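Protein chains in written order, with this note's numbering: chain R, 2 to 328; chain L, 966 to 1195.
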């Protein structure tokens, strides 16, 4: 009610002025009847002037109301004039506070989730370590080497999945986490291959690296390693027995090639979707549908174009580093 | 002289396994139960190498590492489940000499302990029992890279030596192909699928040449088994 009166105060005043004070005034001076047209003219001028002033005092608000692209940055009105504009601005600030609060809550929730995942994963790795150590100390003395080997293999899978979970949970804050640095492409790949040593050996698949020593890549090393790790472990997982996984460099592109069942054309576009497990993945039951999604997200953020193609029992994943390479 | 290793690890299972394994290789072990007074234990026990977990109750491993560094230069090796590079950097920056991530291999832990001792005390660890490995009438000599019986001797290649060692150590049990591949894996140039077959073949020839009573038998679907012929 108060705001309504304040906002309409101008109207009330101009009404009083136009229809009570002005006629009385004119009547006193020279008689109202003789100056009816002049009175009309005055009223119109007054009203027009009033409207113009009123528009300019609330101009920002009207522009703001008609704006289509409202974002957190431009939601505020600076130095409002009229009563209504001031009220509107104050209201916007309240909405903004609300939005920011919600965003904060959400960010905190995400943080909490990430911390939770990180702590849990690290806690879970301890029992896995214990199991692996037990396997190692028993394997030496036992006759059932093969059985222990199986347990060891399952442990490796657990560790892989735990690491993947950790990478996924960290990737929610991918952009703010980036650290672009200089690295040797070959060295980085060799490091990842060695991390996957056991996985290669268990499957009796062997790596073949054809990458020159002198290529320097500018990117985020940690995330590039996550990408290569995921791609290589996929390449091993879907390789036919006794084949090689090749990592080949060609004109700014890195290609990871494995020999194994062709990915059907209708699946190639979808393998990057979260939780999508293709025919192959469902067959082996080891696919989580997280790996390639993670790869896509990371490579898109790092701005390295990539391509997946699969023909005649040969699947190639190529990443185009040509924009980020120094030769 | 026996070197003393201090193990600071709050997970009892890992701690016990570590102690058991490290003792087997002829070191003394000191374990810490009271995680509030790690420094006191360090001072009273004077260990040669410290294995330090990062996640500890009360203060973390970085804190204790800095504390120990204020008074001593003894080698400190971090054990941690966190494998982020920043964590490793932090470990090294707080004064540690090396960093091992969980899950780890006993061999890696032992190798790192050995290399720290070698670096710190300037002597090669005397693994006198590991210098020569004998099974049946045949011995491998690690220093000269030879395989020999009492009468004859053959030189081995590095790869053959690695294979031999694993086969001898698992004798008389079956050695899996995975164990063998793992032993000959090369961190720079890697291996090919037929590397193993070729080397096993050569090893068989050499065993023959020196009239060894040992034979390498192929166990289908598993790997190889070193057998002694009577």
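C-beta: ideal position from N, C-alpha, C; glycine also. Keep in mind it's a predicted model, so treat the numbers as computed, not measured.
Checklist line | When 177(R), 123(R), 140(R) are compared against residue 108(R), the one with the closest alpha-carbon | finding: Here residue 108(R) refers to the residue found at position 107 of the first chain. Nearest C-alpha to residue 108(R): 177(R).
Next item on the list: Ignore the nearest five residues each way along the sequence and tell me which others in residue 345(R)'s own chain have a CB closer than 6 Å to its CB.
Entry: Given a span of 2 to 328 for chain R in the structure shown, any question on residue 345(R) remains unanswerable.
Check: Considering only residues of the region 1066-1125 of chain L, which uninterrupted beta strand (DSSP E) runs meet the minimum length of 3 residues and lie entirely inside it, listed in chain order?
Finding: 1097-1100, 1103-1106, 1111-1113, 1118-1120
Item checked: residue 211(R) (DSSP reduced to helix, strand or coil) -> The sequence position of residue 211(R) within the first chain is 210, counting from 1. Residue 211(R): strand per DSSP, three-state reduction.
Note to self: Check this for me: beta carbons of residue 1021(L) and residue 975(L), under 7 Å apart or not?
What the structure shows: Residue numbering aside, residue 1021(L) sits at position 56 when the second chain is read from its first letter. Residue numbering aside, residue 975(L) sits at position 10 when the second chain is read from its first letter. Contact flag set, yes.
Checklist line | Alpha carbon of residue 1093(L) to alpha carbon of residue 1083(L), nearest angstrom | finding: Counting from one through the second chain, the residue named residue 1093(L) turns up at place 128. Counting from one through the second chain, the residue named residue 1083(L) turns up at place 118. Caution applies to residue 1093(L), whose pLDDT of 46 falls short of 50 and renders its modelled position unreliable; the value that the coordinates give is listed next. C-alpha separation (whole angstroms): 15 Å.
Notebook entry, point to check: Just curious, the beta strand (DSSP E) that residue 315(R) is in, first and last residue?
Noted result: Within the first chain, residue 315(R) is the residue found at index 314, counting from 1. Its beta strand (DSSP E) spans residues 315-321.
Check: Which partner residues does residue 994(L) have in the DSSP bridge list?
Finding: Here residue 994(L) refers to the residue found at position 29 of the second chain. Answer is 970(L).
Checklist line | Among 1150(L), 1132(L), 1138(L), 1177(L), the one whose alpha carbon lies nearest that of residue 1165(L) | finding: Locating residue 1165(L) in the second chain gives position 200, where the first residue counts as 1. Out of 1150(L), 1132(L), 1138(L), 1177(L), 1132(L) has the C-alpha closest to the C-alpha of residue 1165(L).
Check: residue 197(R) lies in the beta strand (DSSP E); which residues open and close that run?
Finding: Stepping through the first chain from its first residue, residue 197(R) is reached at position 196. Here residue 197(R) belongs to no beta strand (DSSP E), and DSSP marks it neither H nor E.
Item checked: Cβ separation of residue 323(R) and residue 253(R), assumed to be a contact under 8 Å, to the nearest whole Å -> Here residue 323(R) corresponds to residue number 322 of the first chain, with the count starting at 1. Here residue 253(R) corresponds to residue number 252 of the first chain, with the count starting at 1. Right, their Cβ atoms sit about 3 Å apart.
Checklist line | Cutoff 7 Å: residue 193(R) Cβ touching any chain L Cβ | finding: Residue numbering aside, residue 193(R) sits at position 192 when the first chain is read from its first letter. No, residue 193(R) does not count as interfacial toward chain L.
Checklist line | Burial state of residue 213(R) (16 or more Cβ within 10 Å) | finding: The residue given as residue 213(R) occupies position 212 in the first chain. Flag for residue 213(R) reads exposed.
Note to self: For a cutoff of 7 Å on Cβ pairs, would you count residue 251(R) as touching chain L?
What the structure shows: For the purposes of this step, residue 251(R) is taken as residue 250 along the first chain, with counting starting at 1. Closer than 7 Å: no.
Next item on the list: Would you kindly work out how many angstroms separate the C-alpha atoms of residue 1090(L) and residue 1035(L), rounded to a whole number?
Entry: The residue given as residue 1090(L) occupies position 125 in the second chain. The residue given as residue 1035(L) occupies position 70 in the second chain. Low confidence applies to residue 1090(L): its pLDDT is 49, below 50, so where it sits in the model is not reliable, and the reading given next is rough at best. Approximately 27 Å, taken between the alpha carbons.
Checklist line | Cα-Cα separation between residue 183(R) and residue 97(R), rounded to whole angstroms | finding: Indexing the first chain from 1 puts residue 183(R) at position 182. Indexing the first chain from 1 puts residue 97(R) at position 96. Between residue 183(R) and residue 97(R), the C-alpha separation is close to 41 Å.
Margin query: Tell me which residue opens and which closes the alpha helix (DSSP H) that residue 270(R) is part of.
Written below: Position 269 of the first chain, counted from the first residue, corresponds to residue 270(R). Segment: none, residue 270(R) is in no alpha helix (DSSP H) and carries neither H nor E.
Notebook entry, point to check: Looking at the structure shown, is residue 11(R) part of a helix, part of a strand, or coil, going by DSSP?
Noted result: Your numbering for residue 11(R) matches position 10 in the first chain. Residue state, collapsed to three classes: helix.
Next item on the list: Please report how far the alpha carbon of residue 1151(L) lies from the alpha carbon of residue 1124(L), in whole angstroms.
Entry: Numbered from 1 along the second chain, position 186 holds the residue referred to as residue 1151(L). Numbered from 1 along the second chain, position 159 holds the residue referred to as residue 1124(L). Going by the C-alpha atoms only, they are around 10 Å apart.
Notebook entry, point to check: For the beta strand (DSSP E) that residue 251(R) lies in, which residues bound it at each end?
Noted result: Taking the first residue of the first chain as position 1, residue 251(R) is located at position 250. Its beta strand (DSSP E) spans residues 245-251.
Margin query: Is it buried or exposed, residue 50(R), if we count other Cβ atoms within 10 angstroms and call 16 or more buried?
Written below: To locate residue 50(R), count along the first chain from 1; it is residue 49. By the 10 Å Cβ count, residue 50(R) comes out exposed.
Note to self: Taking only three categories from DSSP, how would you classify residue 1064(L)?
What the structure shows: As a working mapping, residue 1064(L) is identified with position 99 in the second chain. In the structure shown, residue 1064(L) sits in a strand (DSSP, three-state: E or B).
Note to self: Less than 7 Å between the C-beta atoms of residue 1175(L) and residue 1114(L), yes or no?
What the structure shows: The residue labelled residue 1175(L) in the question sits at position 210 within the second chain. The residue labelled residue 1114(L) in the question sits at position 149 within the second chain. It is a contact, given that the beta carbons lie within the stated cut-off.
Notebook entry, point to check: Of all the CB atoms in chain L, is at least one closer than 7 Å to the CB of residue 265(R)?
Noted result: Here the question's residue 265(R) lines up with position 264 in the first chain. Taking Cβ atoms only, chain L never reaches closer than 7 Å to residue 265(R), which makes this a no.
Checklist line | Option nearest residue 210(R) by Cα separation, candidates 191(R), 105(R), 264(R) | finding: Mapped onto the first chain, residue 210(R) falls at position 209. Measuring from the Cα of residue 210(R), the nearest candidate turns out to be 191(R).
Next item on the list: Could you pull out every residue in the same chain whose Cβ sits closer than 6 Å to the Cβ of residue 82(R), ignoring the five residues on either side in sequence?
Entry: What you label residue 82(R) is simply residue 81 of the first chain in a count that begins at 1. Taken in chain order, the residues that qualify are 58.
Next item on the list: Could you check if residue 30(R) is buried or exposed, using at least 16 other CB atoms within 10 Å of its CB as the buried criterion?
Entry: One-based indexing of the first chain puts residue 30(R) at position 29. Result: exposed.
Note to self: Measuring straight from C-alpha to C-alpha, what distance separates residue 1155(L) and residue 204(R)?
What the structure shows: As a first step, residue 1155(L) is located in the second chain; it is residue number 190 there, counting from the start. As a first step, residue 204(R) is located in the first chain; it is residue number 203 there, counting from the start. Using only the alpha carbons, I get a separation of about 15 Å.
Notebook entry, point to check: For residue 237(R), which residues of its own chain have a beta-carbon under 8 Å away from its beta-carbon, when the five flanking residues on both sides are left out?
Noted result: Reading the first chain from its first residue, position 236 is the one you call residue 237(R). Cβ within range, chain order: 197, 200, 201, 204, 206, 246, 259.
Check: Hey, how far is the Cα of residue 76(R) from the Cα of residue 90(R)?
Finding: As a first step, residue 76(R) must be located in the first chain, where it is residue number 75. As a first step, residue 90(R) must be located in the first chain, where it is residue number 89. So the two alpha carbons sit approximately 9 Å from each other.
Checklist line | CB contact below 7 Å: residue 1150(L) versus chain R | finding: Within the second chain, the letter at position 185 stands for residue 1150(L). Yes, because at least one Cβ of chain R sits closer than 7 Å to the Cβ of residue 1150(L).
Note to self: So if I threshold CB-CB distances at 8 Å, which residues from the region 1136-1160 of chain L count as touching chain R?
What the structure shows: 1138, 1139, 1140, 1141, 1142, 1143, 1144, 1146, 1147, 1150, 1152, 1153, 1155, 1156, 1157, 1158
Notebook entry, point to check: In chain L, what lies closer than 8 Å to residue 123(R) by C-beta?
Noted result: Counting from 1 along the first chain, the entry for residue 123(R) is found at position 122. Here the neighbours are 1020, 1046, 1047.
Check: Assuming residue 261(R) and residue 317(R) make a contact with CB atoms under 8 Å, what is their CB distance in whole Å?
Finding: Start at 1 with the first residue of the first chain, and residue 261(R) comes out as number 260. Start at 1 with the first residue of the first chain, and residue 317(R) comes out as number 316. About 12 Å; that fails the 8 Å criterion.
Checklist line | Neighbour flag for residue 212(R) against chain L, beta carbons, 7 Å | finding: Stepping through the first chain from its first residue, residue 212(R) is reached at position 211. Output row for residue 212(R): interface = no.
Check: Sorted by chain position, which residues of the same chain lie with C-beta nearer than 8 Å to residue 264(R)'s C-beta, five sequence neighbours on each side aside?
Finding: The residue you call residue 264(R) lines up with position 263 of the first chain. Taken in chain order, the residues that qualify are 272, 279, 281, 309, 311, 316.
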